[in-house]
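Worksheet for the structure shown next.
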Amino acid sequence: MNETPTDLIERRRRECATVMKTDAARAAVALHGTPVLLLDPSIVVRQYTRLRDALPFVRFHYAVKACAHPAVIAALAEEGCDFDVASGEEIGLLDDHGVLDGGDGAERVIHTHPIKKAVEIREALAAGIRTFVVDNETELEKFREHRRAGVRLLVRLAYRSPHAGSDLSSKFGVDADRAAAIVTRADAVGLTVAGFSFHVGSQLDDPARFAAAIHDTAALMTRLEVERGRRFTVLDIGGGFPVAYDRPVAELEEVARAIRPALTSLAEHYEILAEPGRILVAESALLVTSIDGLADRPDGRWFYLDDGLYGSYSNVLTEGVNPLVFAERDLAGATGPRISATLAGPTCDSADVITRGADMPELRIGDLVVSPAMGAYTSVTATRFNGRPFTPVAVLTPVRRPAGAMSRLT
Ligand SMILES: Cc1ncc(COP(=O)(O)O)c(C=O)c1O
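Numbering (the numbering used here), first residue to last: 3 to 412.
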C-alpha cells in the first residue's frame, strides 16, 4: 500500500477526467441531464479477473445486493462468475439473465440471507437453489420440511470487526459453541450442514482480521470433524474486500496474500466460496450531479447538489463512505480561488449533507460535480424521499470500432 492519500485523490481525479472526456459520458449527460450514474461494466470484469487471478481456487459468488444493475449481472454471468442472493427479487433478476438455466444453473447461486420467510425458501428451492445460510435453530426449523430436497446449509459465524465500514456480525452469526449446537440440531432433524460461512465486515481494511477469521473457522471445522467423525465440504469466506474511497486501503491482491496460505491448504479439503460485492462494482460507476443552489450561511458556503444521501449518496448514510467530490472544472486542472464548502443533497432534511469542509472552486448554478467509486451500495440503497426520482444509470459500453468512432450509450 504505497499510495498516499494525495496520490489516491489525484488518481481518482484523473480517472474521472478520463471518463468525463469520452463521447459516451458526454452523450449520457446530454441525454439524461443530472444526476446520472455512469456505469462501465468493463471495470466490473477487470475486478473479477483480479480476484480470480489472486485466489484461483475460490469460487466467487457476486453479492447482487451491492449493485443489481442488469449490465453488471450480464457482464459477470458472461465471465462465469457465480452469484449470491438475499431475496426473491434478486433470484428473478438472475433468472432474467439466464443464470439459473442449464444443468448447473442453480449451483451458480447461493442464498446467504440468514433470515428468510418460509415462502422465500420455497421460491428459492423452486428456482433450483440448494445452498442456504442459517444462524439459529428457528431458521433451521424452516428447512425441516425440505430435508429431502438436497439442501445444503452453511452455519454463519460471527467475527466482530467494529472498525469495518459495516460490522455485519453485529446483526448476524453465532460463536463456535452456538454453531456446534446448530450442527447437532441439524443432524437430529436430518438436515445437512455442509459447512460454515462468515462475513468479516464490509469495507474492512484489515487483512489480518480476515486471515484470523479463516483460521478460527478452519479450527472449528477440524474440531467438529474429529469429535463427531464427520466431514464438512464447504467454507464460505463472505465478502468484505475494501475499496479506496477517500484514502488508500489494502489492495485486493494484498488481502489475497494474507489469506492465501490458509486457504490453499483448506482448498484441498473444502470447496471455498466467497461473496464479494463492493470490490467488484464500486469503481465501475461515477456519479455526475450539478449545483442546484448555493447559499452563504454562518458556517460558510453551501452548495446544493441534485443528488444526496436519500439518493445515490446513500452510501454515506448506510456504509459510512466519505465520497470524493470533484468540480468538473477541477478535472481539467482549473486554477483560481478555493473555498471550503458544505455539499448538501436536494431534500428538505438537514441530515442530507454529503460532506463538509470540501475544497472547491467558486461554483455557479448548473456546474457539474463528479464523484468516483459510486457503483456499490448507491443505486440499490437509494430512496424516493421528497418525491425525487431514482437517479438513472447510463451504461458506457466501449464498442470495438475504428478509432474515433463514438462509443455506444445504452
Ligand atoms: C451476506 C453478505 N454477503 C456478501 C456481502 C457483500 O459484502 P461486500 O460488499 O463487503 O463484499 C454482504 C454485504 O452486506 C452480505 O451481507
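We treat Cβ as the ideally placed atom computed from N, Cα and C, and that holds for glycine.
Do you know offhand how far Pro325's Cα is from Cys18's? When only Cα atoms are considered, Pro325 and Cys18 end up about 13 Å apart.
Which of helix, strand or coil does DSSP assign to His34? helix
Report buried or exposed for Pro261, applying the criterion of at least 16 other Cβ atoms within 10 angstroms of its Cβ. The residue you asked about is not Pro; residue 261 is Ile in the sequence shown. Per the 10 Å Cβ criterion, buried.
Within 10 Å of its beta-carbon, does Ala405 have 16 or more other beta-carbons around it, so buried, or fewer, so exposed? Annotation note: pLDDT 46 at Ala405 (below 50); position unreliable, coordinate value reported separately. Using a 10 angstroms sphere on the CB of Ala405, the tally of other CB atoms stays under 16, which defines it as exposed.
Suppose you measure from the CA of Arg48 to the CA of Gly35; what does that come to, to the nearest Å? 28 Å
Run the proximity test for Ile93: is its beta-carbon closer than 8 Å to any non-hydrogen atom belonging to ligand 1? A distance criterion of 8 Å places the beta-carbon of Ile93 beyond contact range of ligand 1, judged by its closest non-hydrogen atom.
Could you give the DSSP three-state label for His217: helix, strand or coil? Note: His217 maps to helix in three-state DSSP.
For a test of the three-state rule: what should DSSP assign to Ala65, helix, strand or coil? strand
Under the three-state DSSP convention, the category Arg149 falls into: Note: Arg149 maps to coil in three-state DSSP.
Beta-carbon gap between Arg124 and Ala108 smaller than 9 Å: no
Please indicate yes or no: does the CB of Lys67 lie closer than 8 Å to some heavy atom of ligand 1? Using a cutoff of 8 Å, the CB of Lys67 counts as near ligand 1, since one of the ligand's heavy atoms is closer than that.
For Lys67, is the classification buried or exposed, using 16 other Cβ atoms within 10 angstroms of its Cβ as the cut-off for buried? Flag for Lys67 reads buried.
Determine the direct distance from the alpha carbon of Leu156 to that of Pro263, and round the result to whole angstroms. 23 Å
Endpoints, alpha helix (DSSP H) assigned at Ala76: Pro72 to Glu81
Does the beta-carbon distance from Val74 to Ile112 come in below 9 Å? no
Short check: CB of Val101 to CB of Ala77, under 9 Å? Their beta carbons are not under 9 Å apart, which means Val101 does not touch Ala77 by this criterion.
For the beta strand (DSSP E) containing Asp248, list its first residue and its last residue. That residue, Asp248, is in no beta strand (DSSP E); it is neither H nor E in DSSP.
For Ile94, which of helix, strand or coil comes out of DSSP? What sits at residue 94 in the sequence shown is Gly, not Ile. If DSSP states are grouped into helix, strand and coil, Gly94 belongs with the helices.
Nearest to Asn388 by alpha carbon, out of Asp106, Gly313 and Val228? Gly313
Within the chosen definition, does the segment 151-171 reach the segment 188-195 through at least 3 CB pairs nearer than 8 Å? Because the criterion of three Cβ pairs below 8 Å is met, the segment 151-171 and the segment 188-195 touch.
Cβ pair Thr344, Ala360 closer than 9 Å: yes
Excluding the 5 residues preceding and the 5 following Pro1 in the sequence, name in chain order all residues of the same chain whose CB lies nearer than 8 Å to its CB. The structure shown has nothing for residue 1, since the chain only spans 3 to 412.
Using DSSP with H/G/I as helix, E/B as strand and the rest coil, what is Val401? The predicted position of Val401 is uncertain, since its pLDDT is 41 and thus under 50; no value can be drawn from it.
Below 8 Å, is the gap between the Cβ of Val243 and the nearest heavy atom of ligand 1? According to the sequence displayed, residue 243 carries Phe and not Val. Relative to ligand 1, the beta carbon of Phe243 is positioned inside 8 Å of a heavy atom.
Taking the alpha-carbon positions, what's the Ala407 to Leu398 distance? Because the pLDDT at Ala407 is just 38, under 50, the model does not fix this residue reliably, and the value given afterwards should be weighed accordingly. Cα atoms of Ala407 and Leu398: separation of roughly 14 Å, rounded to the nearest angstrom.
As a quick exercise: from His71, Leu57 and Ala276, pick the residue whose alpha carbon is nearest that of Leu40. His71
Which partner residues of Val355 appear in the DSSP bridge assignment? Ala346
Check whether the segment 356-373 and the segment 288-299 are in contact - that is, three or more C-beta pairs closer than 8 Å. yes
Should Glu321 be labelled buried (16 or more other beta-carbon atoms within 10 Å of its own) or exposed? buried
Val395: beta carbon under 8 Å from a heavy atom of ligand 1? no
Beta-carbon proximity of Glu285 to Tyr64, cut-off 9 Å: no
CA-CA distance, Asp309 and Ser172? Distance between the alpha carbons of Asp309 and Ser172 is about 30 Å.
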